[in-house]
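>
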Amino acid sequence: MKRALYVLLGVVIFAALWEGYKLVGSPDGTVLFGVRFLPRADDLSMPHLWTVFQRLGKPELTGGQPVWIVVLHACAFTFGITAVGFVTGALVGLLLAVLMQQFRLVERGLLPYVILSQTVPLVALAPLVAGWGGTIMPPWATVSVIASYLAFFPVAVGMLRGLQSPAASGVELMRSYAAGWWRTLIKLRFPASLPYLFPALRLAGAAAVVGAVVGEISTGTRGGIGRLIIEYSREATSDPAKVYTAMLGAALLGLFVAGVVTLLEVPLMRHRRHVEVVTL
-8 MKRALYVLLG
2 VVIFAALWEG
12 YKLVGSPDGT
22 VLFGVRFLPR
32 ADDLSMPHLW
42 TVFQRLGKPE
52 LTGGQPVWIV
62 VLHACAFTFG
72 ITAVGFVTGA
82 LVGLLLAVLM
92 QQFRLVERGL
102 LPYVILSQTV
112 PLVALAPLVA
122 GWGGTIMPPW
132 ATVSVIASYL
142 AFFPVAVGML
152 RGLQSPAASG
162 VELMRSYAAG
172 WWRTLIKLRF
182 PASLPYLFPA
192 LRLAGAAAVV
202 GAVVGEISTG
212 TRGGIGRLII
222 EYSREATSDP
232 AKVYTAMLGA
242 ALLGLFVAGV
252 VTLLEVPLMR
262 HRRHVEVVTL
């Protein structure tokens, strides 16, 4: 409930800032030392928020479906791609974290490359992935690979920190019980890593959405919200509110993915707290 209030407060603050800047901002933008660092406040660049919501209820084309239905279908398509990429990236991240925790040599040798992988520009990587997998994978699978590329990093780093978080006394206690590596992982390290894992999963979900949207734009995959943003951008001069409807859909998709991860977090963290109380 508290998180929902925070989200609502954030939306209210954003709306106030948007409309407030439109009220006091310059139609030519705010320029300082010859550089525009705030956007134009005219209706073409920044339409009123209620104009965007009104555009959602109007037909996309004459006699066509309302824009909100088109955006919803595009978000559903992108969500399917995002889900595949998110699950794949999370599994890869978990596997890498377990390996790096168990073998110090693997951590020293692999972790720098895991970090380095995120410095490659996604816009440059997406066409390469599409070229490599274009003959063996459908377009949606290529976009899922791009989404998983962004999703695995926060999970790998966050899970590694979580697996390394148990106190030395706890590890020694498991050894005194003659518990092997697998039992120590399941009974001690994995429960201790949950507070680190779920924030990482939320970041991975948001990153997977970004990867899917950019992947759809870069590879030309049709049907998703990324492609819809490009198509609506072509009408920016004549129908600027239409562009923002697609952007709004992408933003809500990211929030929805983060909300799904939070729904998974609640029962597991509640079970973890119950186990801690029983143990104490």
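Oh and the sequence shown: position 159 is 150 in the working numbering, straight run, nothing missing. Note that CB positions come from ideal geometry on N, CA and C, so glycine has one too.
Straight-line CA distance for ALA117 to PHE144?
Taking the Cα positions, ALA117 is about 17 Å away from PHE144.
> Just list the alpha helix (DSSP H) runs in the region 35 to 97, keeping only unbroken ones of 4 residues or longer that don't cross its boundaries, in chain order.
40 to 48 and 58 to 93
> When the Cα of ALA199 is compared with those of VAL248, SER108, ARG152 and GLY1, which residue comes out closest?
Nearest to ALA199 by C-alpha distance, out of VAL248, SER108, ARG152 and GLY1, is VAL248.
> Taking the continuous alpha helix (DSSP H) assigned at PHE144, which residues delimit it?
Start and end: 130 to 154.
> Skipping 5 residues on each side, what residues in its chain have a beta carbon closer than 7 Å to that of VAL252?
PHE189, LEU192, ARG193 and GLY196
> Would the beta-carbon of VAL146 be found less than 7 Å away from any heavy atom of the ligand GDP?
For the ligand GDP, the structure offers nothing, since it holds no ligand at all.
> Look up LEU271 in the DSSP assignment and say whether it is helix, strand or coil.
Here LEU271 scores only 39 on pLDDT, less than 50, and its place in the model is too uncertain to base an answer on.
> Taking the straight line between their C-alpha atoms, what separation do you get for TRP41 and VAL3?
13 Å
> Give me the DSSP bridge partner(s) of THR21.
LEU29
> Given a cut-off of 8 Å, decide if ALA183 and GLY153 are closer than it, judged by their beta-carbon atoms.
yes
> Closest Cβ-Cβ distance between LYS233 and chain D: below 8 Å?
Looking for chain D here will not work: only one protein chain is present.
> Does TRP9 come out as helix, strand or coil in the three-state DSSP assignment?
helix
> Identify, in the order they occur along the chain, each residue of the same chain with its Cβ nearer than 6 Å to the Cβ of GLU256, setting aside the five sequence neighbours on each side.
PHE189
> Is the CB-CB distance between ALA32 and PRO50 below 8 Å?
no
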